[in-house]
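Enquirer: Submitted below is the structure of interest, expressed as structure tokens.
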Amino acid sequence: MRTPSRRLAPFSAVLVCSVLSACATGPLEPTAAAVPPTAAAPSPVPEIRPGIPAGYLGRNLPDSLALLPPPPAKGSASFARDQATHAAARKLRGTPRYALATRDANLDFPQVASTFSCALGVPVSKADTPRLYLLLQRSMVDAGLATYVAKDHYKRTRPFVFYKESTCAPGDEDALRKDGSYPSGHTAVSWAWALILTELSPDQADAVLARGRAFGENRLICNAHWQSDVLQGRAVAAGAVAKLHANADFLADMKAARAEIDALRGAGVPATDCETEATALKLKIAGVE
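Under mature numbering (1 follows the signal peptide of the UniProt record, and there is no 0), residues -24 to -1, 1 to 265 are what the sequence shown spells out, in order.
Below, the structure written as structure tokens:
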């Protein structure tokens, strides 16, 4: 059985090398996650570092190398399409969409927890939705790590390296140069979250899925991935979410998270500061279907 790589997973500044090594070798001793006194405390969760809970799946991750085809070869029609999309995405530099892409590049909690707040219509944070917050943290580890068997096998060169350009996150570039581009870890995380949140809040499915798609496509705008990396990141996400549905802890957190969302919506507590995001999302990459 293949196991996750012990190398750095730079799809997140939080999931540094030692964190992913802990995932691959087994969780540390469980410590209870801190929750607000008014929220129902979850069962103790293993932490791979203080404040960073382990994923649900452990080593039972989808095999991305078996799941995905090889990345497009240089000189192929598929690679030409990747290059055309890269050129179109570069035109959004300096726009509000580029600013959103820069924000989406950062998978640090607590900031990233609010990514889908506007799509859901309710605030998502450790204070407002502690079980959903935990669900997002743990599923991020699973979806992100699931990309690494293929990443490490293909070691695909990222577009900013291929073209000798920059990205929207210069501080990540040294790590990204050493990390395979195919498939996209950011996309796997965001699409897994979109699938999970659509199940939790089906009436908001269109908005949630659109935000999940935009999050992945923002990796094109950031010049960190090719379009084929993003498309296959969604496939890995689907595989991870399918496996998560056989995990009892995941299902328990889903039930609790659904109750949190319903309670906020029932109390009329809205998401805030959504105008800037809405403006950015109106800007599309030309030619991306």
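Idealized CB from N, CA, C, for every residue including glycine.
(1) Please report the residue range of the beta strand (DSSP E) in which residue 21 lies.
(2) Please determine, among 243, 46, 198, the residue with the shortest C-alpha to C-alpha distance to residue 69.
(3) Identify which residue in 45, 20, 59 has its Cα closest to the Cα of residue 262.
(4) Take the Cβ of residue 10 as the centre, count every other Cβ of all protein chains shown within 10 Å, and call the residue buried at 16 or more, exposed below.
(5) Tell me, please, which residues DSSP counts as bridged to residue 29.
(6) For the candidate residues 239, 189, 146, 171, whose alpha-carbon lies nearest to that of residue 111?
(7) Could you compute how far the alpha carbon of residue 316 sits from the alpha carbon of residue 188?
(8) Drop a sphere of 10 angstroms on the beta-carbon of residue 239, count the other beta-carbons inside from all chains shown, and report buried for 16 or more, exposed for fewer.
(9) Comparing C-alpha positions only, which one of 250, 147, 40, 20 sits nearest to residue 207?
(10) Counting only runs that start and end within the segment 83 to 150, where is the beta strand (DSSP E) found for 3 or more residues in a row?
(11) Starting from the C-beta of residue 195, find all residues in its chain whose C-beta is less than 7 Å away, skip the five residues before and the five after it, and write them out in chain order.
(12) DSSP three-state label for residue 205, please.
(13) Tell me the DSSP secondary structure of residue 258 in three-state form.
(14) So what does DSSP say about residue 155, is it helix, strand or coil?
(15) If I follow the unbroken alpha helix (DSSP H) through residue 54, where does it start and stop?
(16) Would you call the segment 86 to 100 and the segment 126 to 141 touching, i.e. three or more CB-CB distances under 8 Å?
(17) Taking all protein chains shown into account, decide if residue 144 is buried (16 or more other Cβ within 10 angstroms of its Cβ) or exposed.
(18) Report the option in 156, 203, 88, 101 whose CA atom is closest to the CA atom of residue 245.
(19) If I measure Cβ to Cβ from residue 167 and keep anything under 7 Å in the same chain, skipping five residues before and after, which residues do I get?
(20) Quick one: is residue 118 buried, meaning 16 or more other Cβ sit within 10 Å of its Cβ, or exposed?
(21) Going by Cα to Cα distance, which pick from 258, 182, 226 is closest to residue 33?
(22) Can you list, in chain order, the residues of its chain whose CB lies under 6 Å from that of residue 223, leaving out five sequence neighbours each side?
(23) Using the beta-carbon count (16 or more within 10 Å), is residue 153 buried or exposed?
(24) Can you tell me whether DSSP reads residue 200 as helix, strand or coil?
(25) Looking only at its own chain, which residues have a Cβ that is under 7 Å from the Cβ of residue 250, when we skip the five neighbours before and after it?
Expert: Reading it off the structure:
(1) Sequence index remark: in the sequence shown, residue 21 carries index 45 (1-based). Its beta strand (DSSP E) spans residues 21 to 25.
(2) As a first step, residue 69 is located in the sequence shown; it is residue number 93 there, counting from the start. Here the closest residue by C-alpha is 198.
(3) In the sequence shown, the residue the question calls residue 262 occupies position 286. Nearest option by C-alpha distance: 59.
(4) As a first step, residue 10 must be located in the sequence shown, where it is residue number 34. The predicted position of residue 10 is uncertain, since its pLDDT is 39 and thus under 50; no value can be drawn from it.
(5) Locating residue 29 in the sequence shown gives position 53, where the first residue counts as 1. 23.
(6) Translated into the one-based positions of the sequence shown, residue 111 becomes position 135. That would be 171, whose Cα lies nearest to the Cα of residue 111.
(7) The chain is shown from -24 up to 265; residue 316 falls before or after that span and cannot be answered.
(8) Mapped onto the sequence shown, residue 239 falls at position 263. Classification of residue 239: exposed, given that the 10 Å Cβ count is below 16.
(9) Position 231 of the sequence shown, counting from 1, holds the residue named residue 207. Checking every option, the nearest Cα to that of residue 207 belongs to 40.
(10) none
(11) For the purposes of this step, residue 195 is identified with residue 219 of the sequence shown, where counting begins at 1. Counting only Cβ-Cβ distances below 7 Å, and skipping sequence neighbours, we find 160, 162, 163, 201, 206.
(12) Here residue 205 is taken as the residue at index 229 of the sequence shown, counted from 1. Helix, per DSSP.
(13) For the purposes of this step, residue 258 is identified with residue 282 of the sequence shown, where counting begins at 1. Residue 258: coil per DSSP, three-state reduction.
(14) Stepping through the sequence shown from its first residue, residue 155 is reached at position 179. Coil at residue 155, not helix or strand.
(15) Mapped onto the sequence shown, residue 54 falls at position 78. Here the alpha helix (DSSP H) through residue 54 covers 53 to 66.
(16) no
(17) Within the sequence shown, the letter at position 168 stands for residue 144. Buried, because 16 or more other Cβ atoms sit within 10 Å of the Cβ of residue 144.
(18) Here the question's residue 245 lines up with position 269 in the sequence shown. Among 156, 203, 88, 101, the Cα nearest to that of residue 245 is on 101.
(19) Reading the sequence shown from its first residue, position 191 is the one you call residue 167. Answer for residue 167: 188, 192, 209, 210, 213, listed in chain order.
(20) On the sequence shown, residue 118 is found 142 positions in, with the first residue counted as 1. Buried, since its Cβ has 16 or more Cβ neighbours within 10 Å.
(21) Numbered from 1 along the sequence shown, position 57 holds the residue referred to as residue 33. The candidate whose alpha carbon is nearest that of residue 33 is 226.
(22) Along the sequence shown, read from residue 1 onward, the residue named residue 223 stands at position 247. Cβ within range, chain order: 32.
(23) Position 177 of the sequence shown, counted from the start, is the residue given in the question as residue 153. Exposed is the call here.
(24) Within the sequence shown, numbered from 1, the residue matching residue 200 stands at position 224. In the structure shown, residue 200 sits in coil (DSSP, three-state: anything other than H, G, I, E or B).
(25) Looking up residue 250 in the sequence shown gives position 274. Result list for residue 250: 94, in chain order.
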